[in-house]
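Student: Chains as they are written, first to last, in the numbering used here: chain Z, 1 to 619; chain G, 1001 to 1338.
1. Using the beta-carbon of each residue, which ones in chain G are nearer than 8 Å to residue 47 of chain Z?
2. Given this structure, state the Cα-to-Cα distance separating residue 1314 of chain G from residue 287 of chain Z, to the nearest angstrom.
3. Thinking just about the alpha-carbon of each residue, which of Z/322, Z/321 and Z/331 is nearest to the one in residue 309 of chain Z?
4. Alpha carbon to alpha carbon, how far is residue 1125 of chain G from residue 1153 of chain G? Give it in angstroms, no decimals.
5. Select from the segment 445 to 478 of chain Z all residues with a C-beta closer than 9 Å to any C-beta belonging to chain G, and list them in chain order.
6. For a contact meaning CB atoms closer than 8 Å, what does residue 1317 of chain G contact in chain Z?
7. According to the neighbour-count rule (16 or more other Cβ atoms, all chains shown, within 10 Å of its Cβ), is residue 151 of chain Z buried or exposed?
8. Taking C-beta to C-beta, are residue 513 of chain Z and residue 499 of chain Z nearer than 8 Å?
9. Helix, strand or coil for residue 1249 of chain G per DSSP?
10. Can you pull out the residues from the segment 1079 to 1102 of chain G whose beta carbon lies closer than 7 Å to at least one beta carbon of chain Z?
11. How many angstroms separate the CA atom of residue 569 of chain Z from the CA atom of residue 531 of chain Z?
12. I want to know whether the segment 210 to 228 of chain Z touches the segment 276 to 295 of chain Z - three or more CB-CB distances under 8 Å.
13. For residue 1290 of chain G, which option in G/1051, G/1023, G/1226 and G/1199 has the closest C-alpha, if you only look at C-alpha atoms?
14. Using 10 angstroms around the beta-carbon of residue 1101 of chain G, count the other beta-carbons present and answer buried if the total reaches 16, otherwise exposed.
15. Are residue 398 of chain Z and residue 553 of chain Z touching if we call contact CB-CB under 8 Å?
16. Establish whether the CB of residue 695 of chain Z and some CB of chain G are separated by less than 8 Å.
17. Evaluate residue 95 of chain Z with the Cβ neighbour count: other Cβ atoms within 10 Å of its Cβ, from every protein chain shown; 16 or more gives buried, anything less gives exposed.
18. Find out if the Cβ-Cβ distance for the pair residue 1048 of chain G, residue 1038 of chain G is shorter than 8 Å.
19. Where do the ends of the beta strand (DSSP E) carrying residue 1285 of chain G lie?
20. Does the beta-carbon of residue 372 of chain Z have 16 or more other beta-carbons within 10 angstroms, so that it is buried, or is it exposed?
21. Under 8 Å between C-beta atoms, does residue 254 of chain Z make it to chain G?
22. Interface residues of chain Z around residue 1066 of chain G at Cβ under 7 Å?
23. Below 8 Å on the Cβ atoms is my guess for residue 266 of chain Z versus residue 301 of chain Z; work out the distance and round it to an integer in Å.
24. Using a C-beta to C-beta distance shorter than 7 Å, which residues of chain G count as neighbours of residue 313 of chain Z?
25. Please report the distance separating the alpha-carbon of residue 352 of chain Z from that of residue 36 of chain Z.
26. In terms of residue numbering, what span does the alpha helix (DSSP H) encompassing residue 366 of chain Z cover?
27. Below 8 Å on the Cβ atoms is my guess for residue 237 of chain Z versus residue 346 of chain Z; work out the distance and round it to an integer in Å.
28. Once the 5 residues before and after residue 2 of chain Z are set aside, which same chain residues still bring their CB inside 7 Å of it?
29. Tell me, to the nearest whole angstrom, how far the beta carbon of residue 102 of chain Z is from that of residue 64 of chain Z; I am working on the premise that it is less than 8 Å.
30. State yes or no: is the beta carbon of residue 297 of chain Z nearer than 8 Å to at least one beta carbon in chain G?
31. Taking 8 Å as the CB-CB limit, is residue 623 of chain Z close to chain G?
32. Quick check on residue 1016 of chain G: buried or exposed, where buried means 16 or more other Cβ atoms within 10 Å of its Cβ?
33. How should residue 1299 of chain G be labelled, buried or exposed, when 16 other C-beta atoms within 10 angstroms of its C-beta is the threshold for buried?
34. Cutting at 8 Å between CB atoms, please list the residues of its own chain near residue 185 of chain Z, excluding the five before and the five after it.
35. For residue 60 of chain Z, tell me which candidate among Z/81, Z/30, Z/335 and Z/599 has the shortest Cα-Cα distance.
36. Just the Cα atoms here: how many angstroms apart are residue 32 of chain Z and residue 172 of chain Z?
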């Protein structure tokens, strides 16, 4: 939908309600930076947005080659949006490799901006091109803009006197300036950011700012674009917003929970993609009393978190799938000693090292069942970058109240992706009461709260409460080592019931759309955006389809069986081989349709929509 | 310790749990010494935490009436690290064995040592796996026949003290389970050390590796086979204190008999703070060529991990002011939608 308005004789302005741009280049071209700058400016303009950074696992794959291509996609809109967009309307390709990798996704007749200076014989060879796509007609179906980004940037920076190599590194800002012109974005945010980022190197401040302005001015002067576009402010719910990635939101959620509970936050962690940013970010918040412990390995990271919890801190550990596997023995210990612990798993493509920088949601069964023996954990999953805040907070609330570990699942897609987040008022956050046991009278380490079955949290340093805990089976109540067969069965059942009872502490399932009849799309985790977009489009098309997105995966909402029974068909789209589908079928004996995608890439709305259309009829 | 504190006795540190080690196990002696030393340290009972891994020795926490955490195999240092960092006021002790700390938990042990957390590690070294019934351990001698090595072990053993020194241990000591006066003294020294104290204790497993340390444990022969290390004193040993250690050349210790022109002045004088090479030399002195050095091999001062963490938090807080949650959430580029 576009409304053309005449601006002057040669160019006109169109208003669009949504645009998807993908920046693609070599990993050394600064595409992630360009994307985040465009995102921050777009957030400030007031659009709704969602982003999808997609980069290689190698820090610097050979320059100009296909494995070295790094991309950043942003979807921004004047409407509410749910995903980073299925296919780009605009592709900025800094070299032939970036073009080759990304062209297939670009809409027909989409805008294609290429750095024509990087299509020399040698560049084409590195990308494995047998002919020059700029000349062989293969780009005929697109609105191609060949821009000599390298030459133009060098010309703009001639006066700065910085070496050519450094000048060339500014060409991403030239491209960014062009995109700001094309979409009517102000330069201020990025100019200020450059000022701050390079404050110790004046010549780099000048060079990058010049490049940005030059890109903008180039478009203005040459009228290269006959049409430019406006995307008006989104009509978001009133409030204060900031743009946030999933990993940043997790960190803020944990700090908030620490503050609200009055507990010192202790994070044990070992670097692993895509979870390391949580460690980087949390380690900056020392003024909140946060302790970040970069352990010698994944096992020590979780062990130290458990030790910290025993001593009265809020112990958390953050990792990805392979790290989860290493931690599993310790998580079993946390189940046994019944202490608070939050384990965050930022899922990535696997098994083994798999696709470290790509997304997947195939650790659900690991989270639910991936430990020896009967060792149930509370399992939560975040559905979007901003939702990571609430989920981190909820994970802390539950682990403290129920004295048993919580596994919080996120994934590479929402960990690195960003969206506007309507900031909560801290006063409105739910309370997280902590009751350390202090009274020795009648104290037993495994006495249970009659409601939650939680045992008392009796921390070292409290006189009269000296007691021993450990991995050996305990006698109920006294907590002494016990090999009694009936006691063991009783304790196994108690630990399971303790987790089951969490169902009374979480909201019941409430489908969006219709409350009964037709197709119900059930999802969990980062598929929320794509499912939501698809369901809304299908409903607009007159289909009887609703959706239900599960945050609590163990235990599941207590009315789930009843909710599922209200619908004729169930569809479960997942970025795995049907793990939630497996659980739903096993638990509720409900036949479900699966839609599995295991490509290291998130679902597109259209992929889910297509399946919904197959399964429903126009009513 | 406040003066009104009621004096503690050994009984205060005896738990109500029945001790379940094999009769005659060296662990009993170690338990008794620890229970005798703890009351005299001036630390309130509720501030003690004993952490362990898996193995015979790791049942230790159940028998001492303090806070205790029986963790998983090899991982006691990880749990202890979290406890100590979360609450540096606690007195944290680890009970571990040669398999627990040098095999499955080797990584955690060395990192604990390099960080120099103020925790005390009691390594019960019996040179065998006891709880799993008699397999070779990382301190078993080369060629040793065990259940898992019926034709003799082809593994070279670790030297625990040398390993601890190599990992940057600031307090490295050795003692013997049944040599109570010595063990208690070294336990007191370990408790007094500000930093990770590593104490290797030769411990007899009378079921799977009996008499492994008979030459050091039996009173009649002990004095001829061990070398007492005392800071500032010459390296003299023997029932009649008539033998000693001197240097025959660079890095080459030798045993000499006093008299016939050899006097105490010719002997090495023990220095706990000497360059590391000296401590390594001591750690590697072994029978039959040398007496076994016992006591404190090395004791140096270095900043503790938990102190550095606390100071960094204090310094950042002093600079930035105490964290304000609202400010944090509403920081960065925020915008208002009306």
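Every residue gets a Cβ at the ideal spot worked out from N, C-alpha and C, and that includes glycine.
Tutor: Working from what's here:
1. Start at 1 with the first residue of the first chain, and residue 47 of chain Z comes out as number 47. Neighbours of residue 47 of chain Z on chain G: none; closest Cβ ~10 Å, over 8 Å.
2. The sequence position of residue 1314 of chain G within the second chain is 314, counting from 1. The sequence position of residue 287 of chain Z within the first chain is 287, counting from 1. Those two C-alpha atoms are separated by around 8 Å.
3. Residue numbering aside, residue 309 of chain Z sits at position 309 when the first chain is read from its first letter. When only C-alpha atoms are compared, the closest one is Z/331.
4. Residue numbering aside, residue 1153 of chain G sits at position 153 when the second chain is read from its first letter. Residue numbering aside, residue 1125 of chain G sits at position 125 when the second chain is read from its first letter. So the alpha carbons of these two residues sit roughly 17 Å apart.
5. 458, 459, 460, 461, 462, 463, 464, 465, 466, 467, 468, 469, 470, 471 and 472
6. Counting from 1 along the second chain, the entry for residue 1317 of chain G is found at position 317. The answer, in chain order, is 286, 287 and 289.
7. In the first chain, the residue the question calls residue 151 of chain Z occupies position 151. It is exposed - the Cβ of residue 151 of chain Z has fewer than 16 other Cβ atoms within 10 Å.
8. On the first chain, position 513 is the one that residue 513 of chain Z refers to. On the first chain, position 499 is the one that residue 499 of chain Z refers to. Against a cut-off of 8 Å, the Cβ pair of residue 499 of chain Z and residue 513 of chain Z comes out as no contact.
9. Here the question's residue 1249 of chain G lines up with position 249 in the second chain. In this structure, residue 1249 of chain G counts as strand in the three-state DSSP scheme.
10. 1079, 1080, 1081, 1082, 1083, 1085, 1086, 1087, 1089 and 1090
11. Counting from one through the first chain, the residue named residue 569 of chain Z turns up at place 569. Counting from one through the first chain, the residue named residue 531 of chain Z turns up at place 531. The alpha-carbon atoms of residue 569 of chain Z and residue 531 of chain Z are separated by roughly 16 Å.
12. no
13. Mapped onto the second chain, residue 1290 of chain G falls at position 290. Of G/1051, G/1023, G/1226 and G/1199, the residue nearest in Cα terms is G/1226.
14. Here residue 1101 of chain G corresponds to residue number 101 of the second chain, with the count starting at 1. That one is buried.
15. Within the first chain, the letter at position 398 stands for residue 398 of chain Z. Within the first chain, the letter at position 553 stands for residue 553 of chain Z. Their beta carbons are not under 8 Å apart, which means residue 398 of chain Z does not touch residue 553 of chain Z by this criterion.
16. Any property of residue 695 of chain Z remains undetermined from this structure, which presents chain Z solely from 1 to 619.
17. For this step, residue 95 of chain Z is matched to residue 95 along the first chain. Its Cβ being crowded by 16 or more others within 10 Å, residue 95 of chain Z is buried.
18. What you label residue 1048 of chain G is simply residue 48 of the second chain in a count that begins at 1. What you label residue 1038 of chain G is simply residue 38 of the second chain in a count that begins at 1. Result yes, Cβ atoms of residue 1048 of chain G and residue 1038 of chain G sit closer than 8 Å.
19. Numbered from its first residue, the second chain carries residue 1285 of chain G at position 285. No beta strand (DSSP E) contains residue 1285 of chain G, which DSSP labels as neither H nor E.
20. As a first step, residue 372 of chain Z must be located in the first chain, where it is residue number 372. Exposed, since its Cβ has fewer than 16 Cβ neighbours within 10 Å.
21. Within the first chain, residue 254 of chain Z is the residue found at index 254, counting from 1. No, because no Cβ of chain G sits closer than 8 Å to the Cβ of residue 254 of chain Z.
22. Along the second chain, one-based indexing puts residue 1066 of chain G at 66. Going along chain Z in sequence order, the residues near residue 1066 of chain G (Cβ under 7 Å) are 466.
23. In the first chain, counting from the first residue as 1, residue 266 of chain Z sits at position 266. In the first chain, counting from the first residue as 1, residue 301 of chain Z sits at position 301. About 11 Å separates the two Cβ atoms, so there is no contact after all.
24. Your numbering for residue 313 of chain Z matches position 313 in the first chain. Near residue 313 of chain Z (Cβ distances below 7 Å), the residues of chain G are 1086.
25. Taking the first chain and counting its residues from 1, one reaches residue 352 of chain Z at position 352. Taking the first chain and counting its residues from 1, one reaches residue 36 of chain Z at position 36. Residue 352 of chain Z and residue 36 of chain Z: Cα-Cα distance of roughly 30 Å.
26. Counting from one through the first chain, the residue named residue 366 of chain Z turns up at place 366. Taken as a continuous stretch (DSSP letters only), the alpha helix (DSSP H) holding residue 366 of chain Z covers 364 to 369.
27. Taking the first chain and counting its residues from 1, the one referred to as residue 237 of chain Z is at position 237. Taking the first chain and counting its residues from 1, the one referred to as residue 346 of chain Z is at position 346. No, residue 237 of chain Z and residue 346 of chain Z are not in contact; Cβ-Cβ is about 28 Å, not under 8 Å.
28. Your numbering for residue 2 of chain Z matches position 2 in the first chain. Below a pLDDT of 50, predicted positions are generally treated as unreliable, and residue 2 of chain Z, at 43, falls in that range; the measurement from the model is reported next regardless. If we look at residue 2 of chain Z and ignore the five residues flanking it on each side, its Cβ neighbours are 14, 15 and 16.
29. To locate residue 102 of chain Z, count along the first chain from 1; it is residue 102. To locate residue 64 of chain Z, count along the first chain from 1; it is residue 64. So it is not a contact: roughly 15 Å between Cβ atoms.
30. The sequence position of residue 297 of chain Z within the first chain is 297, counting from 1. Chain G, which has a Cβ nearer than 8 Å to the Cβ of residue 297 of chain Z, makes this yes.
31. No statement about residue 623 of chain Z is possible, as the shown extent of chain Z runs from 1 to 619 and does not include it.
32. Your numbering for residue 1016 of chain G matches position 16 in the second chain. Classification of residue 1016 of chain G: exposed, given that the 10 Å Cβ count is below 16.
33. As a first step, residue 1299 of chain G is located in the second chain; it is residue number 299 there, counting from the start. Burial call: buried.
34. As a working mapping, residue 185 of chain Z is identified with position 185 in the first chain. Cβ neighbours of residue 185 of chain Z beyond the five flanking positions: 38, 41, 42, 45 and 179.
35. On the first chain, residue 60 of chain Z is found 60 positions in, with the first residue counted as 1. It is Z/30.
36. For the purposes of this step, residue 32 of chain Z is taken as residue 32 along the first chain, with counting starting at 1. For the purposes of this step, residue 172 of chain Z is taken as residue 172 along the first chain, with counting starting at 1. The straight-line gap from Cα to Cα measures roughly 10 Å.
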